[in-house]
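Q:
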Amino acid sequence: MSILLLAEFRDPQTLLAAARQTREATSFRVVDAFTPFSVEGMGALIDELPPNHVRLAILLGGIGGALSGLGLQLYSAVWALPIVTGGRPLASWPDFFFATFEMGILGAALCGFVALLWGCGLPRLHHPLFDLPQFERATQDRFFLAIEAGGADADDADDGGARLHLAGLGALSVARVPA
Amino acid sequence: MTAPSALGLLPPGATYASVTASVADPVLREQAGRRWWLVFVVGLVLTVVMLGSMFWLFYEGIGIFGNNTSVVWGYPIANYVWWIGIGNAGTLISCMLLLTRQKWRSSINRFAEAMTLFAAAIAGLFPILHLGRPMYFYWLVPYPNTMGTWPQWRSPLVWDFFAIASYIIFSIVFWYVGAIPDFATFRDRAKSRAGQLIYGALALGWRGSARHWVRYEAFYHTMAALGVPLVVSVHSVVGLDFAAGNMPGWQETIFPPYFVVGAMFSGFAMVVVLAAVTRSFLKVEALVSLHHFEAMAKILLAGSIVMGLSYATEAYQGWYAGDDVDRTFLAFQFHGAYAWLYWCQIAFNVFVPQLFWAPAIRRSIPALLVIAVLINVGMYLERILLIINTLSRGHLPAEWSLFAPTLWDWLLLGGSLGFFMLLFACFLRLVPAVSMHEVKQLVPAEAAA
Numbered sequence: 000m001s002i003l004l005l006a007e008f009r010d011p012q013t014l015l016a017a018a019r020q021t022r023e024a025t026s027f028r029v030v031d032a033f034t035p036f037s038v039e040g041m042g043a044l045i046d047e048l049p050p051n052h053v054r055l056a057i058l059l060g061g062i063g064g065a066l067s068g069l070g071l072q073l074y075s076a077v078w079a080l081p082i083v084t085g086g087r088p089l090a091s092w093p094d095f096f097f098a099t100f101e102m103g104i105l106g107a108a109l110c111g112f113v114a115l116l117w118g119c120g121l122p123r124l125h126h127p128l129f130d131l132p133q134f135e136r137a138t139q140d141r142f143f144l145a146i147e148a149g150g151a152d153a154d155d156a157d158d159g160g161a162r163l164h165l166a167g168l169g170a171l172s173v174a175r176v177p178a
Numbered sequence: 000m001t002a003p004s005a006l007g008l009l010p011p012g013a014t015y016a017s018v019t020a021s022v023a024d025p026v027l028r029e030q031a032g033r034r035w036w037l038v039f040v041v042g043l044v045l046t047v048v049m050l051g052s053m054f055w056l057f058y059e060g061i062g063i064f065g066n067n068t069s070v071v072w073g074y075p076i077a078n079y080v081w082w083i084g085i086g087n088a089g090t091l092i093s094c095m096l097l098l099t100r101q102k103w104r105s106s107i108n109r110f111a112e113a114m115t116l117f118a119a120a121i122a123g124l125f126p127i128l129h130l131g132r133p134m135y136f137y138w139l140v141p142y143p144n145t146m147g148t149w150p151q152w153r154s155p156l157v158w159d160f161f162a163i164a165s166y167i168i169f170s171i172v173f174w175y176v177g178a179i180p181d182f183a184t185f186r187d188r189a190k191s192r193a194g195q196l197i198y199g200a201l202a203l204g205w206r207g208s209a210r211h212w213v214r215y216e217a218f219y220h221t222m223a224a225l226g227v228p229l230v231v232s233v234h235s236v237v238g239l240d241f242a243a244g245n246m247p248g249w250q251e252t253i254f255p256p257y258f259v260v261g262a263m264f265s266g267f268a269m270v271v272v273l274a275a276v277t278r279s280f281l282k283v284e285a286l287v288s289l290h291h292f293e294a295m296a297k298i299l300l301a302g303s304i305v306m307g308l309s310y311a312t313e314a315y316q317g318w319y320a321g322d323d324v325d326r327t328f329l330a331f332q333f334h335g336a337y338a339w340l341y342w343c344q345i346a347f348n349v350f351v352p353q354l355f356w357a358p359a360i361r362r363s364i365p366a367l368l369v370i371a372v373l374i375n376v377g378m379y380l381e382r383i384l385l386i387i388n389t390l391s392r393g394h395l396p397a398e399w400s401l402f403a404p405t406l407w408d409w410l411l412l413g414g415s416l417g418f419f420m421l422l423f424a425c426f427l428r429l430v431p432a433v434s435m436h437e438v439k440q441l442v443p444a445e446a447a448a
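Residue numbers (numbering that gives the first Met the number 0), protein chains in the order written: chain A, 0 to 178; chain B, 0 to 448.
#1: Classify residue 127/B as helix, strand or coil using the three-state DSSP reduction.
#2: Listing by chain order, which chain A residues have their CB less than 7 Å from the CB of residue 145/B?
#3: Can you list the alpha helix (DSSP H) stretches of 4 or more residues lying completely in the stretch 338-378 of chain B, in chain order?
#4: Would residue 114/B and residue 273/B qualify as a contact pair, given that the criterion is a beta-carbon distance under 9 Å?
#5: Determine the burial state of residue 19/B: buried for a count of at least 16 other Cβ atoms within 10 Å of its Cβ, exposed for fewer.
#6: Let's test the definition: count the other Cβ atoms within 10 Å of the Cβ of residue 322/B and tell me whether it reaches 16, buried, or not, exposed.
#7: Residues in the same chain with beta-carbon distance under 6 Å from residue 79/B, minus the five sequence neighbours each way, listed in chain order, please.
#8: Apart from the five residues on each side of it in sequence, which residues of its chain come closer than 8 Å, Cβ to Cβ, to residue 224/B?
#9: Just the Cα atoms here: how many angstroms apart are residue 0/B and residue 278/B?
#10: Which residues, in chain order, does the stretch 413-438 of chain B contribute to contact with chain A at a C-beta distance below 9 Å?
#11: Given that residue 14/B touches chain A, what residues does it touch there, using C-beta distances under 8 Å?
#12: Starting from residue 2/A, follow the beta strand (DSSP E) in both directions and report where the run begins and ends.
#13: Looking at residue 173/B: is its Cβ nearer than 9 Å to the Cβ of residue 112/B?
#14: Within a Cβ cutoff of 6 Å, which residues of the same chain sit near residue 257/B, ignoring the five residues on either side of it in sequence?
#15: Residue 160/A CB to nearest chain B CB: under 9 Å?
#16: Can you name the residues of chain A whose CB is closer than 7 Å to the CB of residue 216/B?
#17: In terms of DSSP beta bridges, what is residue 31/A paired with?
#18: Here's a check: name, in chain order, each residue in its chain whose Cβ is nearer than 6 Å to the Cβ of residue 117/B, leaving out the five neighbours to either side.
#19: Can you give me, in chain order, the residues of the stretch 13-42 of chain A that have a beta carbon less than 8 Å from any beta carbon in chain B?
#20: Taking just the CA atoms, how far does residue 132/A sit from residue 180/B?
#21: Within the 9 Å Cβ cut-off, does residue 108/A reach chain B?
#22: Looking only at C-alpha atoms, which of 96/A, 80/A, 110/A and 31/A sits nearest to residue 221/B?
#23: Measuring CB to CB, does residue 453/B end up less than 9 Å from residue 324/B?
#24: Compare the C-beta of residue 166/B with all C-beta atoms of chain A and state if any pair is closer than 9 Å.
#25: Exposed or buried, residue 74/A, counting other C-beta atoms within 10 Å across all chains shown (16 or more means buried)?
#26: Note down the Cα distance separating residue 439/B from residue 97/A, rounded to an integer number of angstroms.
#27: Could you tell me if residue 348/B is buried or exposed, where buried requires 16 or more neighbouring beta carbons within 10 angstroms of its beta carbon?
#28: Between which two residues does the alpha helix (DSSP H) carrying residue 173/A extend?
#29: Mind checking residue 40/A: buried by the 16 CB within 10 Å criterion, or exposed?
#30: Of all the residues that make up the stretch 74-86 of chain A, which are near chain B by a beta-carbon distance shorter than 7 Å?
#31: So with CB distances below 9 Å, who are the chain B contacts of residue 49/A?
#32: Can you check whether the C-beta of residue 2/B is within less than 9 Å of a C-beta belonging to chain A?
#33: At the level of alpha carbons, what is the spacing between residue 9/A and residue 161/A?
#34: For chain A, find out if any of its Cβ atoms is closer than 9 Å to the Cβ of residue 204/B; answer yes or no.
#35: Determine the direct distance from the alpha carbon of residue 253/B to that of residue 306/B, and round the result to whole angstroms.
#36: Would you say the beta carbon of residue 70/B is closer than 8 Å to some non-hydrogen atom of the ligand GDP?
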């Protein structure tokens, strides 16, 4: 089984450079990065980042919300309670646009929120990474890179030079992630 | 990229650790000061006053208000429009400044959004309190019922219900998602078990993984793009509540945009007040700097000019249309019983903010605070005069009558202000009041070590 190593860096520039170096010069896989804020360009350096469906979910949620809002109004005003007021047609669609619009935005927001949590694998209150003492700085002031090292028989003693590689890139500490 | 610290947005020598400490430590490590307790207790007392007035209202009925058979909308509707205006601004400010890449946004957006949530929630109470039979407010909700009735979809009041409900839910989601990474920081920094558990639950297990951030950015920016038209629609619908009525001073096509600008204007004034408060309570002077206040003062100045233009357009249209009832209304507005309030409104909203042309005033926090409070008073005057001027001088001279607020009108208004203070005080002590993860993006690389 291959092993997962977590390297700690001082700033986002070093982290980005380390990820780029690892991808270009070694056979180790860049599995993930953990940063206190969104580091521009980090996503592109992760191997096999699962596709991001949040925007699609927002679009579909918006269309779904708007259609159900419009459908509700047409159903209730034309079919369930057909009352003519002021000589207007039953399906007075220009008046129906307000609630349709609001329902569309609401559907988009809620659907996007669910897609965000789903895509992030949250809520997941505990994670093996939280067992590493230095990891609590991942939300404060340190930048972490997770790489997968070694082949089928890798272990702590034989990581294929991954620890040396990370130390050479300026890692402040390197730790093995408990499985 | 230029070093943002050169713009004075961050203190010289700011690091990732110092940003975290300046936001988190006042909440997690330090006791609340005497001033915080003062705000909390005053807020709590006024909240009890609000609850007591609400109890008396439900017990006795809406006769306790100053409303009469001509002036049927009084303080409750003015309170509603004023609070929802403030409530619109936080999300509008946050979304627009994000989309236009204003770096100074990151210090103020969190509490501006919190202001939105609290103000919108308080605003939502008033239309219900104003109902003769408040227990039936849920009839606005479309649901299959034994009466076989459905909402009247052609009425702005029903649009309003949908707009406010969508807006409050949207704002909660937007605010909460923006705060998740900061809740995670609090979780990892909290010393007490209770703090770790509560912030841990709120953070949902956020790890700051690249996979998280990619999705977060996609969600947050798309929500910001949706938020701007949503806010514009919400306050436009509030404007339509009036504009769809066949009354002098109400039936004007300018109302939707004029209400949206008014909302942004009063909301920004409230953000200035809250920024000054947040800054002194949390000791985040470094993160909310004079540059932030100066930027907000410039927006208030621009807002005051648009408000002046709107007031002038309104008056001109009323006069030029030439209808007797419109001209009677205008004469009443300029010379009638409430004219002194109208001129105060013009002074506070249009003329006083012109002081912001002077750079020294834009950079003086006491001056900003006074002007911002005056703007909020001026905007309240606008909302109440909009109602009582029009309803006092309607189409039928036989129905003309004046309005005077009662003690209960004042208690409910003051109580709602106290409730807002209480909520905001709790927010300052419990939640990361400045968006740490966004401010940290401004820390220049060379100082980051």
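The beta carbon of each residue, even a glycine, is placed where N, CA and C say it ideally should be.
A: So, to answer that:
#1: Numbered from 1 along the second sequence, position 128 holds the residue referred to as residue 127/B. Residue state, collapsed to three classes: helix.
#2: As a working note, residue 145/B is residue 146 in the second sequence. Neighbours of residue 145/B on chain A: none; closest Cβ ~13 Å, over 7 Å.
#3: 338-345 and 358-361
#4: Counting from one through the second sequence, the residue named residue 114/B turns up at place 115. Counting from one through the second sequence, the residue named residue 273/B turns up at place 274. In contact: residue 114/B and residue 273/B (Cβ atoms closer than 9 Å).
#5: As a first step, residue 19/B is located in the second sequence; it is residue number 20 there, counting from the start. Per the 10 Å Cβ criterion, buried.
#6: The count along the second sequence starts at 1 and reaches residue 322/B at position 323. Of the other Cβ atoms in all chains shown, fewer than 16 fall within 10 Å of the Cβ of residue 322/B; this residue is therefore exposed.
#7: Within the second sequence, residue 79/B is the residue found at index 80, counting from 1. Counting only Cβ-Cβ distances below 6 Å, and skipping sequence neighbours, we find 122, 125 and 126.
#8: As a position in the second sequence, residue 224/B is number 225, starting the count at 1. Within the same chain, 94 and 98 come within 8 Å of residue 224/B by CB-CB distance, once the 5 residues on both sides are set aside.
#9: Along the second sequence, one-based indexing puts residue 0/B at 1. Along the second sequence, one-based indexing puts residue 278/B at 279. Since pLDDT at residue 0/B reaches only 34, below the 50 mark, its modelled position is unreliable, and the value read off the structure follows with that caveat. C-alpha separation (whole angstroms): 28 Å.
#10: 435, 436, 437 and 438
#11: Counting from one through the second sequence, the residue named residue 14/B turns up at place 15. 140, listed in chain order.
#12: Taking the first sequence and counting its residues from 1, one reaches residue 2/A at position 3. Its beta strand (DSSP E) spans residues 2-8.
#13: Position 174 of the second sequence, counted from the first residue, corresponds to residue 173/B. Position 113 of the second sequence, counted from the first residue, corresponds to residue 112/B. Their beta carbons are under 9 Å apart, which means residue 173/B touches residue 112/B by this criterion.
#14: If you number the second sequence from 1, residue 257/B lands on position 258. Hits under 6 Å: 309.
#15: As a position in the first sequence, residue 160/A is number 161, starting the count at 1. No - not a single Cβ of chain B is within 9 Å of the one on residue 160/A.
#16: Residue numbering aside, residue 216/B sits at position 217 when the second sequence is read from its first letter. The answer, in chain order, is 37.
#17: Position 32 of the first sequence holds residue 31/A. Partner(s): 145/A.
#18: Translated into positions along the second sequence, residue 117/B becomes position 118. 419 and 422, listed in sequence order.
#19: 31, 32, 33, 34, 35, 36, 37, 38, 41 and 42
#20: Numbered from 1 along the second sequence, position 181 holds the residue referred to as residue 180/B. Numbered from 1 along the first sequence, position 133 holds the residue referred to as residue 132/A. Straight across, the Cα-Cα distance linking residue 180/B with residue 132/A is about 19 Å.
#21: Within the first sequence, the letter at position 109 stands for residue 108/A. Interface residue, yes.
#22: Here residue 221/B refers to the residue found at position 222 when the second sequence is read from its first residue. Residue 221/B has its Cα closest to that of 110/A, out of 96/A, 80/A, 110/A and 31/A.
#23: Nothing can be reported for residue 453/B: it is not among the residues displayed for chain B, which extend from 0 to 448.
#24: On the second sequence, position 167 is the one that residue 166/B refers to. At least one CB of chain A lies nearer than 9 Å to the CB of residue 166/B.
#25: Counting from 1 along the first sequence, the entry for residue 74/A is found at position 75. By the C-beta density criterion, residue 74/A is exposed, having fewer than 16 other C-beta atoms within 10 angstroms.
#26: As a position in the second sequence, residue 439/B is number 440, starting the count at 1. As a position in the first sequence, residue 97/A is number 98, starting the count at 1. Each residue's Cα considered, the two are about 39 Å apart.
#27: Counting from one through the second sequence, the residue named residue 348/B turns up at place 349. Buried.
#28: Indexing the first sequence from 1 puts residue 173/A at position 174. For residue 173/A, there is no enclosing alpha helix (DSSP H); the residue is part of the beta strand (DSSP E) that begins and ends at 172-175.
#29: Counting from 1 along the first sequence, the entry for residue 40/A is found at position 41. Counting C-beta atoms within 10 angstroms of its own C-beta, residue 40/A has fewer than 16 neighbours from the protein chains shown and is therefore classed as exposed.
#30: Within the stretch 74-86 of chain A, the residues whose Cβ lies closer than 7 Å to some Cβ of chain B are 75, 76, 79, 80 and 84, listed in chain order.
#31: In the first sequence, the residue the question calls residue 49/A occupies position 50. 210, listed in chain order.
#32: Here residue 2/B refers to the residue found at position 3 of the second sequence. Here the model assigns residue 2/B a pLDDT of 40, short of 50, so the residue's position is not dependable, and the following value carries that caveat. Closer than 9 Å: no.
#33: Within the first sequence, residue 9/A is the residue found at index 10, counting from 1. Within the first sequence, residue 161/A is the residue found at index 162, counting from 1. Roughly 19 Å separates the two Cα atoms.
#34: Position 205 of the second sequence, counting from 1, holds the residue named residue 204/B. True, the Cβ-Cβ gap to chain A drops below 9 Å.
#35: As a first step, residue 306/B must be located in the second sequence, where it is residue number 307. As a first step, residue 253/B must be located in the second sequence, where it is residue number 254. Cα to Cα, the separation comes out at about 12 Å.
#36: Ligands in the displayed structure: none, and consequently the ligand GDP is not present.
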